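**Student:**
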Amino acid sequence: MTFNQINYFVKTAELMHMAKAARELKIAQPSLSMSIDKLEKELGLPLFEKYGRGIRLTPEGEIFLVHAKRILTDVEAAKQEMQRIRDTSEEYLTVAYVAPMAEQFLPMVLRGFQEAEKVPPTSLRSVEMNTVEIVTALNNNTADLALCSRIDGHPELTQIPILTQSLVLIAPKGHPLERAYHRTGKPITCQQIMAHPLVTYSAHTSMRERVDSFFKDQACQPKLCHQAGTEMAIAQLVAEQVGVAIVAKIEGLPWERLVELPLEGLNQSRSLYLTYRTNRQPYRTVKDLIQFIIRNHTVEAAGN
């Protein structure tokens, strides 16, 4: 059963005249008759019957007409809704991002894109989300693209690496761990960290899971004292001497007050990705931003 068959049937039912219906539909009458015949064969029921010199609906045709009109109404409503979404989506695009992107990368990308493409600031929106929220937003089209961590198990999403950042142990300058490292020249161990409060990432974030996994692999249970959503917030807490932390090494941390220390067994990195729906045709502005990021900020672009 095709949309055309349903449309042809409804028009014929409205006019009760094959020739007139064919003229309004701008098709040949034999083509219209053939379409109705195929529809009746598929349904296994007659929809029209001869009546005098014309035709009329059968009782089965009357029932089918109700559903057919509803289908046409729903299709038209869907087209109008898609038009509305297309029109409003061209006004702005929404970038979802995980908190670490907010420190430097996201502002740099948005500012550079606005300047390069002459895009008005009001046409761009950004919303901080966790990874689970980002997947939902991309799949229900409330976000056009995302800057986030690796997402596994979602083949409908395309992910292109943007940044790779090493995980490092940080402590305030003059911390006992720094003195221990200078005294022995050996990397800090997890057992040494257990003697000090740990500042870490907020719960239910991919980085928190990674840090927790590292300590679990090392059979170590540090004393968690503070949690924060970004590297900058964690670093500020560490700089105020409330504890030590394992963070992704990003630009802009207050290194004048911090020290990076080698940690035994820590040789991990965190990758961040440009993420968007694989099977969705993006709007023009969205496509332009995707290409801008690929051209200027991906791992491949950095290597050129």
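Going by my numbering, the letters in the sequence shown line up with residues 4 to 307, in that order.
Here a beta-carbon is modelled for each residue, glycine too, at the ideal position from N, C-alpha and C.
Since we're looking at a predicted model, the values are computed, not measured.
Which residue's Cα is closest to the Cα of residue 196: 117, 268, 20, 44?
**Tutor:** The residue given as residue 196 occupies position 193 in the sequence shown. The candidate whose alpha carbon is nearest that of residue 196 is 268.
**Student:** If residue 102 sits next to residue 233, beta carbons under 8 Å apart, how far is it from one beta carbon to the other, in whole angstroms?
**Tutor:** As a first step, residue 102 must be located in the sequence shown, where it is residue number 99. As a first step, residue 233 must be located in the sequence shown, where it is residue number 230. Right, the Cβ-Cβ distance comes to about 5 Å (below 8 Å), so this counts as a contact.
**Student:** At the level of alpha carbons, what is the spacing between residue 152 and residue 278?
**Tutor:** Here residue 152 refers to the residue found at position 149 when the sequence shown is read from its first residue. Here residue 278 refers to the residue found at position 275 when the sequence shown is read from its first residue. Residue 152 and residue 278: Cα-Cα distance of roughly 9 Å.
**Student:** Using only alpha-carbon positions, find the residue among 17, 171, 209 that is nearest to residue 133.
**Tutor:** To locate residue 133, count along the sequence shown from 1; it is residue 130. The shortest C-alpha separation from residue 133 is found at 209.
**Student:** Could you tell me which of 291, 294, 263, 281 sits nearest to residue 181, measuring between CA atoms?
**Tutor:** By 1-based counting over the sequence shown, the position of residue 181 is 178. Among 291, 294, 263, 281, the Cα nearest to that of residue 181 belongs to 263.
**Student:** Please determine, among 48, 21, 128, the residue with the shortest C-alpha to C-alpha distance to residue 288.
**Tutor:** By one-based count along the sequence shown, residue 288 stands at place 285. For residue 288, the nearest C-alpha among the options comes from 128.
**Student:** Nearest CA to the CA of residue 295: which residue from 217, 29, 271, 109?
**Tutor:** Against the sequence shown, residue 295 aligns to sequence position 292. Comparing Cα-Cα distances from residue 295 to each of 217, 29, 271, 109, the minimum goes to 109.
**Student:** Does the separation of the CB atoms of residue 223 and residue 202 fall below 8 Å?
**Tutor:** As a position in the sequence shown, residue 223 is number 220, starting the count at 1. As a position in the sequence shown, residue 202 is number 199, starting the count at 1. Result no, Cβ atoms of residue 223 and residue 202 do not sit closer than 8 Å.
**Student:** First and last residue of the alpha helix (DSSP H) that includes residue 300?
**Tutor:** Counting from 1 along the sequence shown, the entry for residue 300 is found at position 297. 287-300 is the span of the alpha helix (DSSP H), which, as asked, contains residue 300.
**Student:** Pick out whichever of 299, 257, 17, 23 has its Cα sitting closest to the Cα of residue 65.
**Tutor:** Here residue 65 refers to the residue found at position 62 when the sequence shown is read from its first residue. Taking only the C-alpha atoms, the option nearest residue 65 is 17.
**Student:** Counting C-beta neighbours from all protein chains within 10 Å, is the total for residue 70 16 or more, i.e. buried, or is it exposed?
**Tutor:** As a working mapping, residue 70 is identified with position 67 in the sequence shown. With fewer than 16 Cβ atoms within 10 Å of its Cβ, residue 70 is classed as exposed.
**Student:** Please identify the residue among 96, 9, 137, 68 whose C-alpha is closest to the C-alpha of residue 117.
**Tutor:** On the sequence shown, position 114 is the one that residue 117 refers to. Closest option to residue 117, Cα to Cα, is 96.
**Student:** In chain order, which alpha helix (DSSP H) runs of at least 4 residues are fully inside the segment 70-154?
**Tutor:** With a minimum length of 4 residues, the continuous alpha helix (DSSP H) runs that stay inside the segment 70-154 are 108-120, 134-142.
**Student:** Excluding the five sequence neighbours on either side, which residues of its own chain have a C-beta within less than 8 Å of the C-beta of residue 31, listed in chain order?
**Tutor:** By one-based count along the sequence shown, residue 31 stands at place 28. For residue 31, where only same-chain residues beyond five positions count, the Cβ hits under 8 Å are 25.
**Student:** Beta-carbon separation of residue 2 and residue 170 under 8 Å?
**Tutor:** What the structure shows of the chain is the stretch from 4 to 307, and residue 2 is not part of that stretch, so it cannot be assessed.
**Student:** Label residue 307 either buried or exposed according to how many other C-beta atoms from any shown protein chain fall within 10 Å of its C-beta, with 16 as the threshold for buried.
**Tutor:** Taking the sequence shown and counting its residues from 1, one reaches residue 307 at position 304. Residue placement at residue 307 is flagged as unreliable, the pLDDT there being 41, under the threshold of 50; the coordinate-derived value follows with that caveat. Its Cβ having fewer than 16 others within 10 Å, residue 307 is exposed.
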